[in-house]
Amino acid sequence: MSLSPNIRWAVPSVSLGKHSSHTLERKISAAAGNGFNGIEIVFNELIQHARNHDQTPVASAAQINSLCQIHSITILSVNALKNFEEVALALALGTRIIQVPSMFLPDSTSGEDIIISELQALADLAAKHDLEIAYAAVAFAKHNPLWQDSLRITKAVNRPNFRICLDSYHILGKLWGDACAEDGRIAGGDETVAKSMVEFLKSCPKELVAYIQLSDASRWQPPLSMNDPAFNELEVEDARLLWSRVARPFPFEAPGYFPVADIAKIWLAEYGWDGWVS
Numbered sequence: 001m002s003l004s005p006n007i008r009w010a011v012p013s014v015s016l017g018k019h020s021s022h023t024l025e026r027k028i029s030a031a032a033g034n035g036f037n038g039i040e041i042v043f044n045e046l047i048q049h050a051r052n053h054d055q056t057p058v059a060s061a062a063q064i065n066s067l068c069q070i071h072s073i074t075i076l077s078v079n080a081l082k083n084f085e086e087v088a089l090a091l092a093l094g095t096r097i098i099q100v101p102s103m104f105l106p107d108s109t110s111g112e113d114i115i116i117s118e119l120q121a122l123a124d125l126a127a128k129h130d131l132e133i134a135y136a137a138v139a140f141a142k143h144n145p146l147w148q149d150s151l152r153i154t155k156a157v158n159r160p161n162f163r164i165c166l167d168s169y170h171i172l173g174k175l176w177g178d179a180c181a182e183d184g185r186i187a188g189g190d191e192t193v194a195k196s197m198v199e200f201l202k203s204c205p206k207e208l209v210a211y212i213q214l215s216d217a218s219r220w221q222p223p224l225s226m227n228d229p230a231f232n233e234l235e236v237e238d239a240r241l242l243w244s245r246v247a248r249p250f251p252f253e254a255p256g257y258f259p260v261a262d263i264a265k266i267w268l269a270e271y272g273w274d275g276w277v278s
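If you're matching positions, the sequence shown starts at 1 in full-length UniProt numbering and goes up one per residue.
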């Protein structure tokens with residue numbers, strides 16, 4: 001498999017540990033020291049950094065920006081915006097990209113005209129500050145959970161600074177994996193994913209993709225029960241949301257079992273992606 005030499009590799013800050021000792025400072029140092037070109041800063045971690053240092057989130061963002069410059073590592077994005085709150089943080093961080101998920105809260109609107117109008121307003125606000133929106137279709141979304149949805153929405157928003165964030169977990173978590181199944185799989189998932197990727201290669205222009213995320217998932221053994229008390233901590237009772245929060249190892253890291261390699265081959269080789277991969 002031949003990869004473009006222009007690919008740049010990033011890592012989300014949340015993927016570098018959740019223990020209280022795993023500070024953003026340590027994560028940035030670890031990312032830079034292990035060959036990554038960039039890092040995605042997760043909103044909740046930035047808020048925690050501000051609390052730990054008794055300062056505003058914007059002040060923390062400025063500190064993290066300076067630290068990344070010292071380590072010669074790019075802040076690829078800040079994620080994930082849910083309520084227009086991250087523009088000031090993105091500016092202080094020095095990143096150009098804000099990641100926005102498709103909505104998963106139960107009271108969120110299903111009206112596509114409203115969704116598109118609000119995303120256009122967000123893109124226009126971001127454009128005033130030379131920022132870009134990366135729209136991610138998440139597997140547990142109430143509306144627009146598929147990459148096809150994100151492509152349709154992106155075309156409808158029709159703004160040059162509004163593009164797609166592709167994530168292998170959300171595609172495979174929606175079409176292939178089932179945390180509640182004995183074998184951890186959706187029946188017919190291989191065929192469904194294969195058809196989805198054929199459609200992707202035919203229909204998704206590279207210029208509409210902001211960046212790509214590759215992540216795996218751990219198989220629940222025993223299978224996840226919807227009575228699990230862990231659901232009490234979530235915004236919505238969805239197995240794919242819990243899975244996303246607590247059981248997403250790096251690609252090829254045990255005990256991951258999603259067919260990430262298949263999607264990586266399609267995106268990085270057949271599709272010829274030559275931008276950021278996180």
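Just so you know, even glycine gets a beta-carbon here, dropped at the ideal spot from N, CA and C.
Local Cβ density within 10 Å of residue i, reported as buried at 16 or more and exposed below that
i, result
"V138", "buried"
"Q213", "buried"
"V100", "buried"
"T109", "exposed"
"N34", "exposed"
"V246", "exposed"
"E45", "buried"
Backbone secondary structure at residue i - three-state DSSP
i, result
"F36", "coil"
"N6", "coil"
"W273", "coil"
"F43", "helix"
"L76", "strand"
"E25", "helix"
"A210", "strand"
"Y169", "helix"
Residue from the options whose Cα sits closest to the Cα of residue i
i, options, result
"S215", "D183, A261, N144", "A261"
"I41", "S13, R240, G272, V157", "S13"
"L271", "C204, P259, P160, P249", "It should be pointed out that residue 271 corresponds to Tyr in this sequence rather than to Leu. If we check each option's Cα against that of Y271, C204 comes out closest."
"R163", "A141, I98, I115, R240", "I98"
"S60", "L89, S150, L81", "L89"
"N227", "N6, D130, C180", "C180"
"I186", "I47, G173, P57, A194", "G173"
"V145", "A121, C165, G17, H170", "Going by the sequence as given, residue 145 is Pro instead of Val. That would be H170, whose Cα lies nearest to the Cα of P145."
"F36", "T23, L16, R51", "L16"
"S29", "P5, I7, I70, Q55", "I70"
Straight-line Cα distance separating residue j from residue i
i, j, result
"K202", "V87", "34 Å"
"G38", "V277", "9 Å"
"E112", "S21", "43 Å"
"P249", "K27", "16 Å"
"Q148", "E199", "9 Å"
"R219", "K128", "44 Å"
"D274", "Q221", "37 Å"
Residue j beta carbon less than 9 Å from that of residue i
i, j, result
"T154", "L175", "no"
"G177", "W267", "no"
"A136", "N79", "yes"
"I133", "R159", "yes"
"A126", "T74", "no"
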